[in-house]
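Going by the UniProt record's numbering, the sequence shown opens with residue 1, and the numbers climb by one from there.
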Amino acid sequence: MVTGGTTTTITDRVLTVSHLVKKFGDVTAVNDVSFEIRPGETFGLLGPNGAGKTTIISMVAGLFPPDGGSVDVAGTAMSPSSIQAKRNIGLVPQELAIYPDLSARENLHFFGRLQGLRGKEREARVTVVLDLLGLSDRAKEQTKKFSGGMKRRLNIGIGLLHRPHLLILDEPTVGVDPQSRNSILDAVHRLSAAGTAVLYTTHYMEEAQRLCDRIAILDQGSVQAEGSSDELITLTGGADRIDLEGTGDMAAAAQAIRGILGVKRISPMGTSGLTLTVSDGPRILASIVTGAATAGMHVTSVQVSRPDLESVFLHLTGKALRD
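Below, the structure is given as structure tokens:
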């Protein structure tokens, strides 16, 4: 594959992250993290705020070095000074990196020149990217007139221009409307199907389930589990999730429920309820509701859910993904 005028030979692993460690003073932000991504695979990093996702992405992209471990991109060791390794990636940050007074086409041409694309090759890539992201009909319009979703799509397009082996998407759908969100997800799916390796972070569990071939769940800087959605769901041991909404003394209700056989974990659901991880939810549901009511909680809504990726996340971290 030609990248910015250079030819790169890749192995069967586009990204290899080995035993990464990063410390900030006395705080260990990333602790012995390892994973791999192969061509055409979308790999998700899921974790609550502060889990280490952004720090991992920064090291993968060579923005700063790890204190331990290594990153290899398409057969080349990554470091802040490794130009070749950086040519193999396309980094799409959460923050928009576009010029509002330029059109979409002008933005892409500008960044294409920075990426080393020249002449007809750059023109062809700009046209392909505009079409891929559904922006061809607005290509000549100043981007300051774009919706938030269109700006997000253009941001992704900039990262794609030079045909990176690895595309890093850091929460690419934050703050966009549902239609633009679906367009972005469809574009990522097409990229993966065409052989691009994708490293994807998100706060939307349904995005991870829809897009990711494998997922690593992070908490406190460490990988708690890794695998496909189905493989991760087996980690709950068939546990169900019960959401209790209501008013009253939540702390007392949680204490009372905790003693019921089959209740594995209890977490607050904001200020208006409790989320439980349990075995055989339907069988013990009556005891749970009775126990909560006796302890002073007025239950207004009950929902029982079979195991899913959200259940796994809660089971492993004790938090909701958005916490």
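The beta-carbon is built from N, C-alpha and C at its ideal position, and this holds for glycine as well.
Spatially closest choice to residue i from the options, by CA coordinates
i      : options                           : result
Leu133 : Asn182, Phe111 and Arg38          : Asn182
Ala251 : Leu102, Ala104, Leu191 and Pro268 : Pro268
Ala139 : His109, Cys212, Leu166 and Ala97  : His109
Val129 : Gly149, Leu161 and Leu316         : Leu161
Arg265 : Gly116, Gly318 and Asn155         : Gly318
Ala216 : Ile284, Ser228 and Glu206         : Ser228
Asp101 : Asp219, Phe146 and Val73          : Phe146
Arg190 : Val174, Met205 and Arg210         : Arg210
Thr247 : Met297, Arg283, Gly52 and Lys53   : Met297
Glu206 : Asp219, Phe313 and Ser272         : Phe313
Thr234 : Gly221, Ala293, Asp308 and Gly175 : Asp308
Gln142 : Pro65, Val14, Tyr99 and Gly175    : Tyr99
Asp12  : Ser58, Ile57 and Thr76            : Thr76
Val289 : Val278, Val302 and Ser279         : Val302
Gly273 : Arg306, Pro80 and Ala253          : Ala253
Three-way DSSP call (helix, strand, coil) for residue i in this model
i           : result
Glu36       : strand
residue 324 : The structure shown does not extend to residue 324, since the chain is modelled only from 1 through 323, so no value can be given for it.
Thr202      : coil
Asn31       : strand
Gly148      : helix
Val299      : strand
Gly47       : coil
Gly157      : helix
Ala97       : coil
His165      : coil
Leu102      : coil
Ile260      : coil
Asp280      : coil
Arg13       : coil
Glu245      : strand
Asp137      : helix
Arg214      : strand
Pro307      : coil
Gly173      : Note that residue 173 is Thr in the sequence shown, not Gly. Here Thr173 sits in coil by DSSP.
Distance, residue j Cα to residue i Cα
i      : j      : result
Gln255 : Ile242 : 16 Å
Arg122 : Gly112 : 6 Å
Val33  : Thr300 : 42 Å
Asn49  : Ser287 : 34 Å
Ala295 : Arg258 : 12 Å
Leu20  : Leu276 : 33 Å
Ile10  : Leu114 : Any reading at Ile10 needs caution, since the residue's pLDDT is 47, under 50, leaving its predicted position unreliable; the model's value is listed next. Ile10 and Leu114: Cα-Cα distance of roughly 23 Å.
Glu310 : Gln179 : 24 Å
Gly195 : Pro39  : 5 Å
Leu199 : Ile37  : 8 Å
Leu185 : Thr202 : 12 Å
Gly68  : Val60  : 13 Å
Lys22  : Leu63  : 13 Å
Gly262 : Gly52  : 32 Å
Ile284 : Ile260 : 8 Å
Arg118 : Ser103 : 19 Å
Ala74  : Val126 : 24 Å
Arg152 : Pro282 : 43 Å
Asp26  : Ala293 : 44 Å
Leu244 : Pro66  : 43 Å
Arg87  : Gly116 : 10 Å
Beta carbon of residue i nearer than 8 Å to that of residue j
i      : j      : result
Thr42  : Asp213 : yes
Ala85  : Thr55  : no
Asp240 : Val304 : yes
Asn107 : Leu154 : yes
Ala187 : Ile158 : no
Gly149 : Asp131 : no
Ala225 : Val14  : no
(request) Count the C-beta pairs between the segment 76 to 93 and the segment 151 to 171 that are closer than 8 Å, then say yes if the count reaches three, no if not. (result) yes
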